[in-house]
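Data first, discussion second: the structure below is written as structure tokens.
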Amino acid sequence: MKTVFITGANRGLGLELVKQYAQRGWHVIACCRDINTAHALTLLTQTYPTIGIHTLDVSNESHILALTEKFANTAIDVLIHNAGVSGDECESLGNMGQKEWINVLKVNTIAPMLITQALLNNILGGEDKTIIGMTSILASIDDNRSGGR
Numbered sequence: 009m010k011t012v013f014i015t016g017a018n019r020g021l022g023l024e025l026v027k028q029y030a031q032r033g034w035h036v037i038a039c040c041r042d043i044n045t046a047h048a049l050t051l052l053t054q055t056y057p058t059i060g061i062h063t064l065d066v067s068n069e070s071h072i073l074a075l076t077e078k079f080a081n082t083a084i085d086v087l088i089h090n091a092g093v094s095g096d097e098c099e100s101l102g103n104m105g106q107k108e109w110i111n112v113l114k115v116n117t118i119a120p121m122l123i124t125q126a127l128l129n130n131i132l133g134g135e136d137k138t139i140i141g142m143t144s145i146l147a148s149i150d151d152n153r154s155g156g157r
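This is how it looks when you write it as structure tokens:
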């Protein structure tokens, strides 16, 4: 059975990716910040027992470092970086602060690299060896007429 690891799995595209992979018989490692509020994700596990829900706050480096130990013997075929923040506080010049920008960079840029680093041996042990980075129009260079909004 192939394994997919998905961050930001509790809603939106992440939740749909969990469902799609589970429907195809994959083992799904579904990660989100707070499993207690991931009601739709929890509901999916009743239909698809191959889904495992795990707490992962991608802005917390100790959570990321713990992945190496937690999944030490798990081959991962596909890693999907789906977790992200929009940084609404940073929408326009004059409204952004250092703390908000650091969080945006931490979640959207630094965390995917640290997660990939923590799970690299798992990915190399998988059959597909695939890493996917999801993004949104906010990061679009081609369609950036309004700063992504």
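The number in my numbering is simply the position in the sequence shown, starting from 1, with 8 added.
Backbone N, C-alpha and C fix where the C-beta goes; we use that ideal spot for every residue, glycine too.
Check, Outcome
"CB of Asn129 within 8 Å of CB of Gly22, strictly", "no"
"Residues near Thr138 by beta carbon distance below 6 Å, same chain, minus five either side", "Val86"
"Inter-residue Cα distance where the pair is Gly156 and Thr55", "With a pLDDT of 49 at Gly156, under the threshold of 50, the predicted position of this residue should be treated as unreliable, and no value is reported."
"DSSP-derived helix/strand/coil call for Leu52", "helix"
"Segments assigned alpha helix (DSSP H), at least 4 residues, entirely inside the region 66-98", "69-78"
"Contact set for Trp34: own chain, Cβ-Cβ below 6 Å, skip 5 residues either direction", "Lys10, Val12"
"Beta-carbon contacts of Asn111 that lie in its chain and below 8 Å, excluding the five residues immediately before and after", "Ser67, Val93, Gly95"
"For Met121 and Gln106, the rounded distance between their alpha carbons", "21 Å"
"Opposing strand residues paired with Val26 [DSSP bridges]", "DSSP output for Val26 lists no bridge partner at all."
"Close-in-space but distant-in-sequence residues of the same chain around Gly16 (CB under 6 Å, 5 per side omitted)", "Gly22, Asn90, Ala91"
"Nearest neighbour of Tyr29, chosen from Asp42, Leu52, His62 [CA to CA]", "Leu52"
"Own chain, CB closer than 7 Å to Leu49, minus 5 neighbours either side, in chain order", "Ala17, Asn18, Leu23, Val26, Ala38, Cys40, Ile61"
"Assigned secondary structure, Gly20 (DSSP; H/G/I helix, E/B strand, else coil)", "helix"
"C-beta contact flag for Leu64 and Ala126 at 8 Å", "no"
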